[in-house]
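Heads up, the thing below is written out as structure tokens.
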Amino acid sequence: MVDLHTHLFPGLDDGAQDEDEFLRMAEAAVREGIRTVVGTPHHLNGVYVNPADRVLKAEGRARALLLEREIPLQIRAAQEVHLSVELFSAIDNDEILFLDGRKGRYLLLELPHRIPSDIDRWVYELRLRGIVPVLAHVERYAYFRERPQRLFALVEEGAVLQVTAGSFSGVFGEDVRTFALRLAEHGWVHLVASDAHRAFGRRGFHLAEANQILERILGPEEVAAMYTRAQEILSGREIFVEEGEPFSPPGKTEVFFTRLRSLFVRKR
1 MVDLHTHLFP GLDDGAQDED EFLRMAEAAV REGIRTVVGT PHHLNGVYVN
51 PADRVLKAEG RARALLLERE IPLQIRAAQE VHLSVELFSA IDNDEILFLD
101 GRKGRYLLLE LPHRIPSDID RWVYELRLRG IVPVLAHVER YAYFRERPQR
151 LFALVEEGAV LQVTAGSFSG VFGEDVRTFA LRLAEHGWVH LVASDAHRAF
201 GRRGFHLAEA NQILERILGP EEVAAMYTRA QEILSGREIF VEEGEPFSPP
251 GKTEVFFTRL RSLFVRKR
């Protein structure tokens, strides 16, 4: 498996705080079945500033630690870049590490909690530059849960959707789990990643459990295709994602039956 979104580089953000915690996370990733992991520290989110050179230095140290401890994990460096007025200048100044490397095309993009009304314009301008925004943890935004059609429109503009593994098992609450499952059932989950900040617990990896849930909904071949897509992104190859089936925000009755169905899927 390839995990495109983690916070395991020590001391850069709210993820691993030291090298010991980094090693615990690396070992936990291997136990999950992950073979390649991308460290994506927060950048430009108003709290953390992690330009490309700093992240690459952390990647070098992380590789040395993995080699020293003989942990069989491949590690890559990128950033989870916050959508802000500084975004385009940061790109122009070569501060950005894309998922496929410096001067790549796939940008792991974190949106503000309050989604800007002109979000489609931001996506459009990125696409004009040849950049593909990979929108992080889209299921966790109340804005999209209430207005899923806005999310579908971003895919039409060329965005790729990443859903967090733990969302499928309810780590972030029932509303998030319900929306994550609906996205999967209607064909809108392009990538699954952990967004892991810790080795275990709520902010652990949760990929193995997510795979089991998704295989029951989509089948093993489609789940495998998601990880193939992730590998293609790391390689900088062009990917193609099909638009799913649009759906509307559920009414109270539909919410009840969706949650009931999700409990059944989880327990099978």
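Under full-length UniProt numbering, residues 1 to 268 are what the sequence shown spells out, in order.
Note that CB positions come from ideal geometry on N, CA and C, so glycine has one too.
All values reported here derive from a predicted model rather than from experimental measurement.
Per DSSP, the unbroken alpha helix (DSSP H) holding residue 153 starts and ends at 148-157.
In the DSSP assignment, residue 34 falls outside any alpha helix (DSSP H) and carries neither an H nor an E. Secondary structure note for residue 162: its beta strand (DSSP E) is the uninterrupted segment 160-164. By the criterion of at least three beta-carbon pairs nearer than 8 Å, the region 17-35 is not in contact with the region 44-53. Counting only unbroken stretches of 4 or more residues, the alpha helix (DSSP H) elements lying wholly within the region 167-249 are 174-185, 207-218 and 220-234, in sequence order. The secondary-structure analysis by DSSP pairs residue 43 across a beta bridge with 81. In this chain, the alpha helix (DSSP H) harbouring residue 59 covers 52-69.
Contact holds between the region 150-164 and the region 120-132, because three or more Cβ pairs, one in each stretch, are under 8 Å apart. Within the same chain, Cβ atoms closer than 7 Å to the Cβ of residue 204 are found at 28, 196 and 198, the five residues on either side in sequence being excluded.
Secondary structure note for residue 3: its beta strand (DSSP E) is the uninterrupted segment 2-6. Leaving aside the five residues that flank residue 169 on each side, the residues in its chain whose CB is nearer than 8 Å to its CB run, in chain order, 177, 206, 209, 210, 213 and 266.
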